[in-house]
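Have a look at the structure below before the remarks.
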């Protein structure tokens, strides 16, 4: 064990104390540097995956929003056609009930 009153500098790697400027110290430093690089690469890769997913979901959202808008316009046109065809100029009760069910 390394004496605490010694003038040699000691660093900790996990729960092990290692003297600075020794072979073991440099091996542990190199292993740590490799682990840090690996961790950073993994984080970069995961960030890229997340960004790609966000972009894909944004595009899908735009597509779905435009589909909703188109279908809403089509529904309004069809309502107007039905109202114009009806002598009372109102939507029939059955259609009103169906629309109410769809809105739930």
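In UniProt numbering, the protein residues as written are 1 to 104. Backbone N, C-alpha and C define an ideal beta-carbon position, used for all residues, glycine too.
| Check | Outcome |
| --- | --- |
| Output yes or no for whether 8 Å exceeds the beta carbon distance between residue 10 and residue 19. | yes |
| If you draw a straight line from the C-alpha of residue 97 to the C-alpha of residue 82, how long is it? | 15 Å |
| Would you mind stating whether residue 91 and residue 104 have Cβ atoms separated by less than 8 Å? | no |
| Tell me which residue opens and which closes the alpha helix (DSSP H) that residue 16 is part of. | Residue 16 -> not in any alpha helix (DSSP H); beta strand (DSSP E) instead, spanning 16–19. |
| Have a look at the DSSP bridge pairing and note the partners of residue 11. | 18 |
| Quick check: the Cα distance between residue 66 and residue 53, rounded to an integer number of angstroms? | 20 Å |
| Give me the Cα-Cα distance between residue 69 and residue 100, rounded to the nearest whole angstrom. | 19 Å |
| DSSP three-state label for residue 91, please. | coil |
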